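Chemist:
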Amino acid sequence: MYDEIAKSIREGEAQGKKIATFHLEVLMHAEQLDGDEANEFCHRVGVPLSYATEFRKMLSLAQLMRNRGLVIR
334 MYDEIAKSIR EGEAQGKKIA TFHLEVLMHA EQLDGDEANE FCHRVGVPLS YATEFRKMLS
394 LAQLMRNRGL VIR
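Mapped onto the working numbering, the consecutive letters of the sequence shown carry residue numbers 334 to 406.
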C-alpha cells in the first residue's frame with residue numbers, strides 16, 4: 334500500500350498536485366492508516382516530515398466524514 338501511495342504522490346507532483354494527491358491518498362486509505370505514526374508514514378511514502386500535520390488532519394477528516402455518514406471509496 335505504501336509503495337502505491339508513494340507512486341501516486343509522485344505522479345501528482347508531476348502534475349503540480351502533490352499536496353492534493355497526498356490528501357486524497359490519505360483519505361482513501363484512512364482506515365488502513367489509522368494507528369500509523371505520522372512521521373513514519375511520511376518517511377515511507379517519501380514526503381517531507383512537514384506533511385505529518387496534513388496526515389493527521391486527513392485522518393481526522395476521514396473519521397468526521399464517516400461519523401457523518403459520508404463514504405470514502
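The C-beta atom is built at its ideal place from N, Cα and C for all residues, glycine as well. These numbers come from a predicted model, not from an experiment.
Taking 9 Å as the cut-off, decide whether the C-beta atoms of residue 391 and residue 365 are in contact.
Modeler: Residue numbering aside, residue 391 sits at position 58 when the sequence shown is read from its first letter. Residue numbering aside, residue 365 sits at position 32 when the sequence shown is read from its first letter. No.
Chemist: The alpha helix (DSSP H) that contains residue 364, what's its start and end?
Modeler: Position 31 of the sequence shown holds residue 364. Taken as a continuous stretch (DSSP letters only), the alpha helix (DSSP H) holding residue 364 covers 363-366.
Chemist: At what residues does the alpha helix (DSSP H) containing residue 340 begin and finish?
Modeler: Here residue 340 refers to the residue found at position 7 when the sequence shown is read from its first residue. Looking at the DSSP string, the run of the alpha helix (DSSP H) that includes residue 340 is 335-347.
Chemist: Can you tell me whether DSSP reads residue 387 as helix, strand or coil?
Modeler: Against the sequence shown, residue 387 aligns to sequence position 54. Looking at residue 387 - three-state DSSP - the assignment turns out to be helix.
Chemist: For residue 358, count neighbouring C-beta atoms within 10 Å of its own C-beta (all shown protein chains included) and say buried if the count is 16 or more, exposed if not.
Modeler: As a first step, residue 358 is located in the sequence shown; it is residue number 25 there, counting from the start. It counts as buried.
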